[in-house]
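Take the sequence shown: its position 340, counting from 1, is numbered 339 in numbering that gives the first Met the number 0, and each next residue is one higher. Glycine is no exception: its CB is placed at the ideal position from the N, C-alpha and C atoms. This report concerns only the one structure given below.
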Amino acid sequence: MIVSQDKLLVVDGNSLAYRAFHALPLLTTSKGLITNAAYGFTTMLMKVLEEQQPDFAAVAFDKGRVTFRNEQFADYKANRKAMPDELRPQFPIIKDILNAMGIPIFELEGYEGDDIIGTIATQAEAKGLQTFIVTGDRDAFQLVSPRTKVLINRKGITEIDVYDEGKVWERYGVYPNQFIDFRALTGDSSDNIPGVPGIGEKTAAKLLQKYTTLDDILANTEELPKKQKEKFQQYRDQALLSRKLATIELNAPIDIDWVACKYTGPDYQKLLELFTELEFKQLVKSIIAGNQPGGKANRAQHEGESQPAVTTYKVNYQKVTKPDHLTELLQTVRNASRISLALKGTKETGVDAAAIATDDQVFHLPIEGKPEHLQVLKEICQHEQISIYCHDGKHNLWLLHRHDIGIEKLGFDTMVASYLLNPASPNLDLTDIAMEKLGVVLPTEGEVALPASADAIHKLVPKLHQKLQDLQEERLFYEVELPLVKILANMEIIGVAVDKHILTEMSAELGQSIDTLTSEIYQLAGEEFNINSPKQLGKILFEKLKLPVIKKTKTGYSTDASVLEELAEKHDIVDKILQHRQLAKLKSTYADGLANLISAQTGRIHTTLHQTVTATGRLSSAEPNLQNIPIRLELGRRIRKVFVPRHQHNVILTADYSQIELRVLAHIAGDAGFLEAFNTGQDIHTRTAAEVFGVPANEVTKEMRSRAKAVNFGIVYGISDFGLARDIKVSRAEAKRYIENFFARCPGVKDYIDRTVAEAKEKGYVTTLLNRRRYLPDLFSPNRMARSFGERTAMNTPIQGSAADIIKLAMVRTQQELVKRKLKAQMMLQVHDELIFDVPEKEVPELIELVRDCMGNAIALDVPLVVDVKVGPNWHEVKPV
């Protein structure tokens, strides 16, 4: 039943979808589904629903490109670009969301969405409804009346202006009932409505203020200034046609079911499933938190007894507050073969509270100020027969370490398992995983949050285990990634010893070198300026010194590294600026930066080793990033000198895989030449140089080998002739010839590349030797550059990912041997294909034999895995043994 003053919200579906598409960057799900328009549309719609609280709602869409207006004017909208390929498939998604939200969709062949909106608004006015039209199309201003307002997206997807009659006048100087004539005069380039040439918005407004309508203007052309008179005489028919084209149809043949338009709120279960599938995690959380898109009827429903189908996670738990509770907890845990553990606390202070879930019960165990509870937690964690499940086990191990507690039998880590199943996932929070796999939203506040987390972990494990089995990733998980959790935690906790005195000296030395370079740069520039300011540097290089402009940005000249490298031979100042930047980064990031990160408690640096970040499976390091120390410069290499053993009679030992990615390529591709080279101990770069340049191996020069090395590794990374030419500074034609010669001599590699890309396009993913999976949505992108990137990724992921698998497997086996032999040597760092150990001098011979065995035999390949071992007093001064 419609009541006077009830509110109707009518949405221009196409307009909002286009606005959202262009306002947001391309977003894709982990499976490659593009969703930016759908996400933006939904966000805007929910915001408007919340603000307006409508009683009725409807969305109108265009249907087809040809309408009755094309019959009146063949060129109507002829200049409009075709719908972007990335937007088209999002309309069905948007319509699915609207269906889940309980909002009816109106569209009609031969009519535009504007005509549907105009018809709905006209009938709504007749029924006494207050109508609000949401659109980005200003043609809708002709529909504004005392009962109809237009909400226009002013900026992005969040800022909206409300237009009533006064606002239209204020903006254009005409009333809404004059807006059709206003468009007839000014035309509309976006719709290809011609209008009257030379009549802009200000002139049109003045004419309509004086003559009221287009008909009156045409009837009084004799009164107009000469130029305007001539315009209207010449373009009279065009103005009348433009008026027809600009007029929104108010009587489109559609049936409006007002009962269906009654807005009572979404089907929350359906909406949750959709948002989960689309990975709209924040929208799901928002809905569950109570920020539902509501009309008045919907709001009343929420305030009454009837609740939406989706609720926060419910869990019954026992809070341990009495001795008999503690006894019950211990008895329950001892009878269980597996438990799930959730901890609350910080790395600095340790555990504040714990929650423990079994198949049947959940306990909340306060820790702070309760030593007897802490002792029970220790007994549980260090029980040899109890398998412990957790989320982010490495963090949990850090918390427990503060109380000298370890986890004896880590049975599952839901974060690591979820990462393996979807390495492209941007968020691996337990709340997100529970939402996706269990269809629930975990509470994040209050005492219930911890027990809910423990119980959710317990319910997630069988689901994730089954999925790992389905994807044949259980070996990778249970033999590599899961045991690695404890190894990485141990490496972080032990930390890396550094010589602070050397850091101080290096900082001072770098400071002096930077000052010297600064003076030399000023002298070459003829003046002082801010070397770190791209704007000031650009003026010096391109205006004062007249160097050629390579590229520009929105703010001026580009002075990025690629530009400076291209200009380096043009003027001495450029090379010094490049040196200045390198030294400044070394000083700020390493010499000074490392000193600030030395722990006051341990005197060491405790980097964070991320296991669940990269899509290839490689580990990454942060705060500080010890995997990215620049070693091309001697000063960069010397940074490694500050990393020293923990004890006086210890040394640093490094074990580095030799050319592991090329060896993996030889194995996977099965190329006869590559296999022979590695199996007979040939230098692969010399052999490639001989084949690429067509000379005997003993005639290969140092420069030839260097270029061949670039070709070898370039092939691994899918380099183009353009990229190779840039890297080795030859012509593009010459680089192309190198690549063609390589493939001619190594047909197995070419076959591997073609086969791998084809299989990736068929499956949508690639795998490594240990079956690590990486999905490649870019392969199906309509954008050519994105597709090319996807093809390169398909080529190199099996190689890079397999190398990552191998070094991880080597870490696990090496650590197992260290423990088995009860050695005091500690694995300190992992940097790409290299392991760094802090080892007592007396253990060096045994460790050399151990790492060569564990690393060299980590996996069986068709070529040998060669390990280069070095020993020294610090990381910089290690020598081959």
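How far does the alpha helix (DSSP H) with I338 in it reach, from first residue to last? Here I338 belongs to no alpha helix (DSSP H); instead the beta strand (DSSP E) covers 337-345.
Report the start-end ranges of each alpha helix (DSSP H) in the region 102-188 that is 4 residues or longer and not cut off at the edges. DSSP runs (the alpha helix (DSSP H)) wholly in the region 102-188: 112-125, 164-171, 178-185.
Between L398, Y521, V756, which has its C-alpha nearest G790's C-alpha? Note that residue 790 corresponds to Glu in the displayed sequence, not to Gly. For the residues L398, Y521, V756, the minimum Cα distance to E790 belongs to V756.
Inter-residue CB distance, P533 and F677 (contact presumed, cutoff 8 Å): Not really, about 46 Å apart at Cβ, beyond 8 Å.
Run the CB neighbour count on V10, radius 10 Å, all protein chains shown included, and call it buried at 16 or more, exposed below. So V10 ends up on the buried side.
Using a 10 Å radius around the Cβ and a threshold of 16 neighbouring Cβ atoms, would you call L632 buried or exposed? Here L632 is exposed: its Cβ has fewer than 16 other Cβ atoms, across all protein chains shown, within 10 Å.
Is Q233 buried or exposed, if buried means 16 or more other CB atoms sit within 10 Å of its CB? It counts as exposed.
Give a yes or no on contact between the region 537-549 and the region 678-687, applying the rule of three or more CB pairs nearer than 8 Å. Verdict: no, contact absent.
Excluding five sequence neighbours on each side, which residues of the same chain lie with their C-beta closer than 7 Å to the C-beta of S557? Its chain contains I549, K550, K551 as the residues whose beta carbon lies nearer than 7 Å to that of S557, once the 5 sequence neighbours on both sides are disregarded; these appear in chain order.
Under 9 Å between C-beta atoms of K575 and V440: Taking 9 Å as the cut-off, the Cβ atoms of K575 and V440 do not count as close.
Can you tell me where the alpha helix (DSSP H) with I520 in it begins and where it stops? That run of the alpha helix (DSSP H) goes 499-524.
For a test of the three-state rule: what should DSSP assign to F642, helix, strand or coil? Note: F642 maps to strand in three-state DSSP.
Cα-Cα separation, R18 to K166: Approximately 22 Å, taken between the alpha carbons.
Would you please state the rounded distance, in angstroms, between the beta carbons of S801 and N421? I believe it to be under 8 Å. Incorrect: roughly 19 Å between the Cβ atoms, too far for contact.
What span of residues does the alpha helix (DSSP H) with T687 cover, start to end? For T687, the enclosing alpha helix (DSSP H) stretches over residues 683-692.
I'd like the ranges of any alpha helix (DSSP H) spanning at least 4 consecutive residues and lying wholly in the region 360-413. 370-380, 392-400, all fully within the region 360-413.
Do Q89 and F152 have their beta-carbon atoms positioned less than 9 Å apart in this structure? Note that residue 152 is Asn in the sequence shown, not Phe. Contact flag unset, no.
V479 (DSSP reduced to helix, strand or coil): Judged by DSSP in its simplified three-state form, V479 adopts helix.
Of the residues A507, T515, M414, which one's Cα is nearest the Cα of F476? It is M414.
Residues that DSSP places opposite Q825 in a beta bridge: Looking at the DSSP assignment, Q825 forms a beta bridge with D837.
Which one or two residues does DSSP pair with K6 in a beta bridge? DSSP links K6 through a beta bridge to Q129.
Start and end of the beta strand (DSSP E) containing H609? Residues 607-609.
A308 burial status per 10 Å Cβ neighbour count (16 or more: buried): Confidence is the limiting factor: at A308 the pLDDT is only 44, short of 50, which leaves the residue's position unreliable, though a coordinate-based value still follows. By the neighbour-count rule (16 or more Cβ atoms within 10 Å), A308 is not buried but exposed.
Taking only three categories from DSSP, how would you classify A251? If DSSP states are grouped into helix, strand and coil, A251 belongs with coil.
Evaluate E739 with the Cβ neighbour count: other Cβ atoms within 10 Å of its Cβ, from every protein chain shown; 16 or more gives buried, anything less gives exposed. Counting Cβ neighbours within 10 Å, E739 comes out exposed, since fewer than 16 surround it.
Using a Cβ distance threshold of 8 Å, determine whether the region 808-828 contacts the region 837-854, with at least three qualifying pairs required. With the cut-off at 8 Å, the region 808-828 and the region 837-854 touch.
Which class does R771 belong to by DSSP, given the choice of helix, strand or coil? If DSSP states are grouped into helix, strand and coil, R771 belongs with coil.
Where does H605 land, buried or exposed, given buried means 16+ other C-beta within 10 angstroms? For H605, the number of other beta carbons within 10 angstroms of its own is at least 16, and it is reported as buried.
Backbone CA spacing between L7 and F105 [nearest angstrom]: Going from the Cα of L7 to the Cα of F105 covers about 14 Å.
Reduced DSSP category for D428 - H, G, I as helix; E, B as strand; rest coil: When DSSP states are grouped into helix, strand and coil, D428 belongs to the coil group.
What separation, rounded to the nearest whole angstrom, lies between the Cα atoms of R275 and M434? Just to set this straight, residue 275 is Thr in the shown sequence, not Arg. About 7 Å.
Can you name, in chain order, every residue of its own chain whose Cβ lies under 6 Å from the Cβ of K393, other than the five neighbours on each side? Same-chain partners within the cutoff: V484, L487, A488.
Going by DSSP in three states, K46 sits in which element: helix, strand or coil? When DSSP states are grouped into helix, strand and coil, K46 belongs to the helix group.
Please determine if the region 693-708 and the region 873-880 are in contact, where contact requires at least 3 C-beta pairs separated by less than 8 Å. With the cut-off at 8 Å, the region 693-708 and the region 873-880 do not touch.
Could you check whether the region 444-455 touches the region 498-511, counting it as contact only if at least three pairs of C-beta atoms, one from each stretch, sit closer than 8 Å? Between the region 444-455 and the region 498-511, the count of C-beta pairs closer than 8 Å stays below three; the two stretches do not touch.
Could you tell me if A689 is buried or exposed, where buried requires 16 or more neighbouring beta carbons within 10 angstroms of its beta carbon? Here A689 is buried: its Cβ has 16 or more other Cβ atoms, across all protein chains shown, within 10 Å.
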